[in-house]
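Novice: Numbering (the working numbering), first residue to last: 8 to 137.
Okay, handing you the structure first.
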């Protein structure tokens, strides 16, 4: 389990349990999709990361058109996730909360300073919480 890109879950339940879990998933999938924030596009039905790439391209085009400064930040979270998964391998069963807490305590927020013109009706800004 060193390469997180090759991970697939395995279900070892009997067929009856698989049917039951599929029925539950069919009932709650709409609620789960509606509960996701609009910034989340990678794991939502009908959305793709291409949507975010298109948004970033439009941000760059509009900032060049109006000659406004634009600051973009790209963060590669794969090394962080891999390091945390390796930590679970050596984790003792007596204290799992410390490692779980270190994963979820460090929220990262990206904000862009917004400038609005009265005649400009296009781009309003971009903010996301990872």
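For glycine and all other residues, C-beta sits at the position ideal for the given N, C-alpha and C.
1. Looking at residue 48: is its Cβ nearer than 8 Å to the Cβ of residue 61?
2. Since residue 84 and residue 66 should fall inside the 8 Å C-beta cutoff, what is the C-beta to C-beta distance between them, to a whole number of angstroms?
3. Specify the secondary structure class of residue 29 as computed by DSSP and reduced to three states.
4. Can you tell me where the alpha helix (DSSP H) with residue 71 in it begins and where it stops?
5. To the nearest angstrom, how far is it from the Cα of residue 81 to the Cα of residue 72?
6. Are residue 29 and residue 40 close, meaning C-beta to C-beta below 8 Å?
Specialist: Well, looking at it:
1. Position 41 of the chain shown holds residue 48. Position 54 of the chain shown holds residue 61. Contact: no.
2. The sequence position of residue 84 within the chain shown is 77, counting from 1. The sequence position of residue 66 within the chain shown is 59, counting from 1. That pair is no contact at about 21 Å.
3. As a position in the chain shown, residue 29 is number 22, starting the count at 1. Note: residue 29 maps to helix in three-state DSSP.
4. Translated into the one-based positions of the chain shown, residue 71 becomes position 64. Residue range 56-72 is occupied by the alpha helix (DSSP H) that includes residue 71.
5. Position 74 of the chain shown, counted from the start, is the residue given in the question as residue 81. Position 65 of the chain shown, counted from the start, is the residue given in the question as residue 72. The straight-line gap from Cα to Cα measures roughly 22 Å.
6. Taking the first residue of the chain shown as position 1, residue 29 is located at position 22. Taking the first residue of the chain shown as position 1, residue 40 is located at position 33. No, the pair does not count as a contact, with Cβ atoms beyond the cut-off.
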